[in-house]
Amino acid sequence: CSREWDVSSSDNHTITNRPISPFTYTVVRSTEANAFVIPGNHIFVFTGLFRYCHNEDELASVLGHEMAHNLARHGGERMSEGILLTILSRLALIIDPSGVLFSIMIPAQALLYSLPHSREHEVEADRIGVILASEACYDPRAAKRVFSRMKDDVDGGGGKTQPPEFMSTHPGFDTRLTLFDQWMPDALERFNKGGGDKCRAIREEMKRARRLAAEMHGEKQGRRL
625 CSREWDVSSS
635 DNHTITNRPI
645 SPFTYTVVRS
655 TEANAFVIPG
665 NHIFVFTGLF
675 RYCHNEDELA
685 SVLGHEMAHN
695 LARHGGERMS
705 EGILLTILSR
715 LALIIDPSGV
725 LFSIMIPAQA
735 LLYSLPHSRE
745 HEVEADRIGV
755 ILASEACYDP
765 RAAKRVFSRM
775 KDDVDGGGGK
785 TQPPEFMSTH
795 PGFDTRLTLF
805 DQWMPDALER
815 FNKGGGDKCR
825 AIREEMKRAR
835 RLAAEMHGEK
845 QGRRL
């Protein structure tokens, strides 16, 4: 990746040509359905996520979301937030050595600041991720399919539970699905830009690349036998 996402405007996203470090990807064999990104643009995807991501477009929606966290510098914001909260916590203990003020302040700041701020990050990453996917010629509608399956899993009582949104670091599924609907006209306009010719050509190249990779894998397996 050689371009950086400009998040200066939530309504007019653009991509600038400022170079950034390339992203690398690691697949972790685990039943957990999760993905995360760390500083240095390294994304980890757990294989349990493939219960909800059934094709390349849907996986791209997850990768776009994780890329967006770093492009929007969410990690740096969380680090700055942590430093500020550490300072405030120490001041609370100086003002009230008994710890009563501290015990009140910590849950209050989590409920009133940290959790809402985290949900804002997730919404922003959803928004940027959908645009990144559409600009890269992946179907932006795939993101909604992934979260719809996750919601169905929770609603169906498949051992999954979700806390109330105000107590969660992530928005609720209903909130995210509604936002995807709001963003989709813009994302589809990007996906179909120029009559869709560019993305049709790129997606045909993707198909050929997948077929070639499958053939090479088959030949490799045959040599092992």
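Here the working numbering is used: position 74 in the sequence shown is 698, and no number is missing along the way.
Glycine included, each C-beta is placed from N, C-alpha and C at the ideal position.
Roughly how many angstroms lie between the CA atoms of residue i and residue j, to the nearest whole one?
{"i": "LEU801", "j": "GLY664", "result": "30 Å"}
{"i": "LEU725", "j": "ALA732", "result": "11 Å"}
{"i": "GLY846", "j": "HIS745", "result": "47 Å"}
{"i": "THR799", "j": "GLU843", "result": "46 Å"}
{"i": "PHE670", "j": "PRO721", "result": "44 Å"}
{"i": "GLY688", "j": "VAL754", "result": "7 Å"}
{"i": "CYS677", "j": "ARG765", "result": "12 Å"}
{"i": "PHE674", "j": "PHE771", "result": "12 Å"}
Apart from the five residues just before and just after residue i, which ones in its own chain have a Cβ nearer than 7 Å to its Cβ?
{"i": "VAL747", "result": "PRO795, LEU803"}
{"i": "LYS768", "result": "LEU801, PHE804"}
{"i": "LEU709", "result": "GLN733"}
{"i": "ALA837", "result": "none"}
{"i": "ASP777", "result": "LYS784"}
Can you list, in chain order, the residues of its chain with a C-beta nearer than 6 Å to that of residue i? Leave out the 5 residues immediately preceding and following it.
{"i": "GLU828", "result": "none"}
{"i": "VAL661", "result": "ILE667, GLU690, HIS693, ASN694"}
{"i": "MET729", "result": "ALA716"}
{"i": "THR648", "result": "HIS666"}
Along the chain, where does the alpha helix (DSSP H) that runs through residue i open and close?
{"i": "THR710", "result": "698-719"}
{"i": "HIS693", "result": "680-695"}
{"i": "PHE726", "result": "724-733"}
{"i": "ALA659", "result": "Per DSSP, ALA659 belongs to no alpha helix (DSSP H); it is in the beta strand (DSSP E), 659-662."}
{"i": "GLY842", "result": "821-848"}
Please look up how many angstroms separate the CB atoms of residue i and residue j, rounded, as I've assumed it's under 8 Å.
{"i": "SER792", "j": "LEU739", "result": "7 Å"}
{"i": "SER758", "j": "ARG814", "result": "4 Å"}
Residues in its own chain within less than 8 Å of residue i by CB, not counting five upstream and five downstream?
{"i": "ILE719", "result": "LEU725"}
{"i": "GLY723", "result": "LEU717"}
{"i": "LYS775", "result": "PHE797, ASP798, LEU801"}
Mind checking which residues open and close the beta strand (DSSP E) that includes residue i?
{"i": "TYR649", "result": "648-652"}
{"i": "PHE668", "result": "666-670"}
Checklist line | Entirely enclosed beta strand (DSSP E) segments - the segment 757-798, minimum 3 residues | finding: Those beta strand (DSSP E) runs which fall completely within the segment 757-798 and span 3+ residues do not exist here.
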